[in-house]
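Numbering (full-length UniProt numbering), first residue to last: 1 to 485. Backbone N, C-alpha and C fix where the C-beta goes; we use that ideal spot for every residue, glycine too.
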């Protein structure tokens, strides 16, 4: 009878946990930021009073307060950027005598907008005949992205950026073009997309080779629905495997039909270095030729405790406070613009003692909680990955979490809400190509349109052994662009 009661109690707690998680997903805040209560914050500075020593007395207090009339604040208008071009418009008074003398002027600046203009680039190349040898000469045609095509580099760049940076599917772009009296079929847009990705494929391969030369990578994966001819009426669930090299400022999206460990094994077959991932077991025991060191993500561990707050606020809050201290150390080092060696020493002095204390606390608490409860899962997950979680302290180049690579996935998540799925496995990989290049532009603070337009205009004449110069992290140096980090 006692066992049955315990089982019913456990089932009740489990259902309560599931209900709480469902409410949180539907109605709750998506922020993972933890804010301790006022009492806990006070305890950092003063000794906690014993509850038994406090005498409670009820006192009724009445008073009148005069509410001060609030002065109406005038709205503050933001200044108009000085770099924007100005079109001056002078308005003279309707009635002005010839003897009037100008004593000044009032200037009003208003932001205006003209829809993007589409124009035809007409290239005229006169032909000449050289009478001495009867030879006809003509000027060389500039490099065109699509030979014998009628789409220029600017238009192609606008279409690609609109879809993969601003998340506008081709059918919406088609409607926008129609409003500008230009009828471009969906088939034409798809053909231009295929031609553009074919032109960029060697650069994508160069990006992959350079990224794999980094000795520190962050990896994550994100699902994408794909139409599969073998599954009529159903979508196949494929995955974009995202790789981020923080030191080289490069991002690589790689599409695969599955989430099998064979995917990272194939890509990382010759890799030597450190990879940082979440707790997915597919990264453990990779059968590769190189030596790989694994780091875990503190943000993923923190999420488990954040979910356990409603069930066990005391234990969950304690762990979240300790993790909050670890992140405060990282923010301080970043604010000081510390070098990798300085950050390593700083972590050894301040982060390692917190981690050692937290490890002992977790090992003691895991014996006192139900394994399948929310707090039990949080502690179990964290202890299972503990060696990998604290390994970031051995090298100042490593990050405490995988958030940088997760940030590069956001454009994919936003685009997925708009175009819903890819038309084929091949189209998904072509999309991965553009996501890679545009994400690399973003972390290098480069305008993706300017970069792609320049690349499409020059890539065909660029030497194959110097293609790396067109990658975003090298391109801004080649062009002499001074971009602040």
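Identity of the residues DSSP links to residue i by a beta bridge
i           : result
residue 253 : 242
residue 227 : 235
residue 292 : 273
residue 221 : 241
residue 216 : 274
residue 422 : 226
Span separating the alpha-carbon of residue i from that of residue j
i           : j           : result
residue 333 : residue 451 : 33 Å
residue 440 : residue 369 : 44 Å
residue 149 : residue 454 : 18 Å
residue 115 : residue 78  : 23 Å
residue 135 : residue 462 : 30 Å
residue 351 : residue 362 : 16 Å
residue 174 : residue 151 : 15 Å
residue 281 : residue 412 : 24 Å
residue 383 : residue 234 : 39 Å
residue 371 : residue 356 : 22 Å
residue 209 : residue 203 : 10 Å
residue 406 : residue 431 : 18 Å
residue 158 : residue 449 : 7 Å
residue 19  : residue 344 : 42 Å
residue 248 : residue 478 : 16 Å
residue 472 : residue 185 : 31 Å
residue 464 : residue 225 : 35 Å
residue 228 : residue 258 : 13 Å
residue 170 : residue 141 : 30 Å
residue 83  : residue 320 : 45 Å
residue 92  : residue 125 : 47 Å
residue 509 : residue 196 : A query on residue 509 cannot be resolved here, the shown segment of the chain reaching from 1 to 485 and no further.
residue 480 : residue 121 : 28 Å
residue 40  : residue 244 : The pLDDT assigned to residue 40 is 43, lower than 50, so where the model puts this residue is not dependable; a value taken from the coordinates is nonetheless given after this. Rounded to the nearest angstrom, the two C-alpha atoms are 38 Å apart.
residue 99  : residue 107 : 23 Å
residue 12  : residue 300 : 27 Å
residue 436 : residue 349 : 38 Å
residue 474 : residue 242 : 21 Å
residue 201 : residue 207 : 10 Å
residue 113 : residue 253 : 35 Å
residue 55  : residue 329 : Because the pLDDT at residue 55 is just 46, under 50, the model does not fix this residue reliably, and the point stays unresolved.
residue 427 : residue 223 : 15 Å
Own chain partners of residue i with C-beta closer than 7 Å, once the 5 adjacent residues on each side are dropped
i           : result
residue 429 : 255
residue 42  : Note that residue 42 scores a pLDDT of 36, beneath 50, so its modelled location is shaky; the value from the coordinates is reported in the next line. Closer than 7 Å at Cβ, skipping near neighbours: no residue.
residue 359 : 386
residue 246 : 216, 218, 399 and 404
residue 341 : 396
residue 365 : 315 and 379
residue 423 : 227
residue 162 : 168 and 173
residue 271 : 212, 288, 290 and 292
residue 470 : 203, 455, 459 and 462
6 Å CB neighbourhood of residue i in its chain, flanking five on each side removed
i           : result
residue 460 : 143
residue 378 : 304, 305 and 308
residue 302 : 323
residue 191 : none
Check: residue i C-beta below 6 Å from any heavy atom of the ligand MG
i           : result
residue 180 : As far as ligands go, the structure on display features none, and thus does not contain the ligand MG.
8 Å contact criterion, which residue i and residue j should meet: CB distance rounded
i           : j           : result
residue 425 : residue 154 : At roughly 30 Å, the Cβ-Cβ gap does not stay under 8 Å, so residue 425 and residue 154 are not in contact.
residue 160 : residue 467 : That belief does not hold up - the Cβ atoms of residue 160 and residue 467 are roughly 19 Å apart, past 8 Å.
residue 221 : residue 240 : 7 Å
residue 298 : residue 443 : About 21 Å separates the two Cβ atoms, so there is no contact after all.
residue 316 : residue 375 : 6 Å
residue 456 : residue 156 : 6 Å
residue 193 : residue 438 : Between residue 438 and residue 193 the Cβ distance is about 14 Å, and since that is not below 8 Å, they are no contact.
residue 260 : residue 311 : That pair is no contact at about 34 Å.
residue 211 : residue 268 : That pair is no contact at about 11 Å.
residue 347 : residue 393 : 4 Å
residue 109 : residue 80  : 5 Å
residue 273 : residue 214 : 7 Å
residue 180 : residue 118 : 6 Å
residue 147 : residue 199 : With a Cβ gap of about 10 Å, residue 147 and residue 199 do not count as contacting.
Nonlocal neighbours in the same chain, by C-beta distance under 8 Å from residue i, ignoring five residues either side
i           : result
residue 183 : 177
residue 265 : 286, 287 and 288
residue 296 : 276, 277, 278, 279, 385, 388, 389 and 391
residue 283 : 219, 261, 264, 275, 277 and 294
residue 46  : Below a pLDDT of 50, predicted positions are generally treated as unreliable, and residue 46, at 34, falls in that range; the measurement from the model is reported next regardless. For residue 46, where only same-chain residues beyond five positions count, there are no Cβ hits under 8 Å.
residue 16  : 311
is_contact[residue i, chain C] using C-beta, thresh 7 Å
i           : result
residue 272 : In the displayed structure, chain C is absent; only one protein chain is listed.
Segments of 3+ residues assigned as beta strand (DSSP E) that fall wholly inside the segment 91-139: Fully enclosed beta strand (DSSP E) runs of 3 or longer: 127-130 and 135-138.
Minimum length 4: unbroken alpha helix (DSSP H) runs contained in the segment 397-463: Correct list: 403-419, 425-443 and 448-458.
Contained beta strand (DSSP E) runs [length at least 3] in the segment 319-358, N- to C-terminal order: Runs found: none.
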